[in-house]
Amino acid sequence: DGTIGLIWTGRVGSKANNDSVTDLRLLYARFDGTAWKLTYLVQAGPKLYGDEQDYTGLGALDPDDPTTIFISTPYDPSTDTLKSGAKREIWRGTTCDNGTSFKWTPVTANSTKDNYRPIVPKWDAEHRALLWMRGQYRTAQDMTMSIVGTITGP
Numbered sequence: 003d004g005t006i007g008l009i010w011t012g013r014v015g016s017k018a019n020n021d022s023v024t025d026l027r028l029l030y031a032r033f034d035g036t037a038w039k040l041t042y043l044v045q046a047g048p049k050l051y052g053d054e055q056d057y058t059g060l061g062a063l064d065p066d067d068p069t070t071i072f073i074s075t076p077y078d079p080s081t082d083t084l085k086s087g088a089k090r091e092i093w094r095g096t097t098c099d100n101g102t103s104f105k106w107t108p109v110t111a112n113s114t115k116d117n118y119r120p121i122v123p124k125w126d127a128e129h130r131a132l133l134w135m136r137g138q139y140r141t142a143q144d145m146t147m148s149i150v151g152t153i154t155g156p
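Position 56 of the sequence shown, counting from 1, maps to 58 under our numbering, and the rest follow consecutively.
Here it is, written out as C-alpha cells:
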C-alpha cells in the first residue's frame, strides 16, 4: 500500500567514530507514501562488546502484520527503565495508531541469559514464527548461542 516501516538504532550524545558510545536508542519510522513519521521506542542498552560501538539487540517488523514489532533490550519499553542486573529481553510492541505509540508485552522475562536479534520470517496471515538468539555474545565471531523461538497459528 506504499507504507514503509523500519526499526533503527540511534546514538545519543556522541560523535562519529567515538568508541565510548554508551547511550543507544531504538526508534521506529514509518513512511505513509507522503512523509516519514518517527517514534522513539526505548533505550537499546549498552553496545554488545567493546569493538563494535553500534551493535545492539536489534528489532524486527512482522512482515504479515504491520501493527506488530519485536525488540531486544534490557529496558522495559513501557517505562524506559532498567532493572538491576537485567538481561536483554524480547518485547512485542503493538500499535493501533500507525506507529505513533506502542503497547508492550514481554515475550521473554526474568531470563538468565540475554536474548538478541529477533526475526520474523515471512509466512502468512494465519501463522507467525518469531526466532531469536539466546546466550552470550562476546564478539561477532565468538558467541555461545541457541536459536529459540515461538510459532503461533491454527
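Don't be surprised by glycine CBs; every beta carbon is placed ideally from N, CA and C.
Discussion item. Taking 6 angstroms as the limit between beta carbons, can you name the residues of its chain near G7, skipping five residues before and five after?
Written reply: To locate residue 7, count along the sequence shown from 1; it is residue 5. Here the set comprises R32 and L63.
Practice prompt. Using 10 angstroms around the beta-carbon of N112, count the other beta-carbons present and answer buried if the total reaches 16, otherwise exposed.
Written response: Taking the first residue of the sequence shown as 1, we reach residue 112 at position 110. Result: exposed.
Item to complete: Would you check if the distance between the CB atom of S80 and the CB atom of W134 is smaller than 8 angstroms?
Response: For the purposes of this step, residue 80 is taken as the residue at position 78 of the sequence shown. For the purposes of this step, residue 134 is taken as the residue at position 132 of the sequence shown. It is not a contact, given that the beta carbons lie outside the stated cut-off.
Worksheet item: At what residues does the beta strand (DSSP E) containing Y57 begin and finish?
Response: The count along the sequence shown starts at 1 and reaches residue 57 at position 55. Counting along the chain, Y57 falls outside any beta strand (DSSP E), and DSSP gives it neither H nor E.
Worksheet item: Nearest CA to the CA of Q143: which residue from E54, G61 and I121?
Response: Counting from 1 along the sequence shown, the entry for residue 143 is found at position 141. Of the listed residues, the one whose Cα sits closest to Q143 is E54.
Worksheet item: Which residues in the same chain as R90 place their Cβ atom closer than 7 angstroms to its Cβ, once the five residues preceding and following it in sequence are excluded?
Response: As a working note, residue 90 is residue 88 in the sequence shown. Excluding positions up to five away in sequence, the list reads G47, G59, S74, T75, P76, D116, N117 and Y118.
Discussion item. I'd like the ranges of any beta strand (DSSP E) spanning at least 3 consecutive residues and lying wholly in the region 72-109.
Written reply: 91-96 and 105-108
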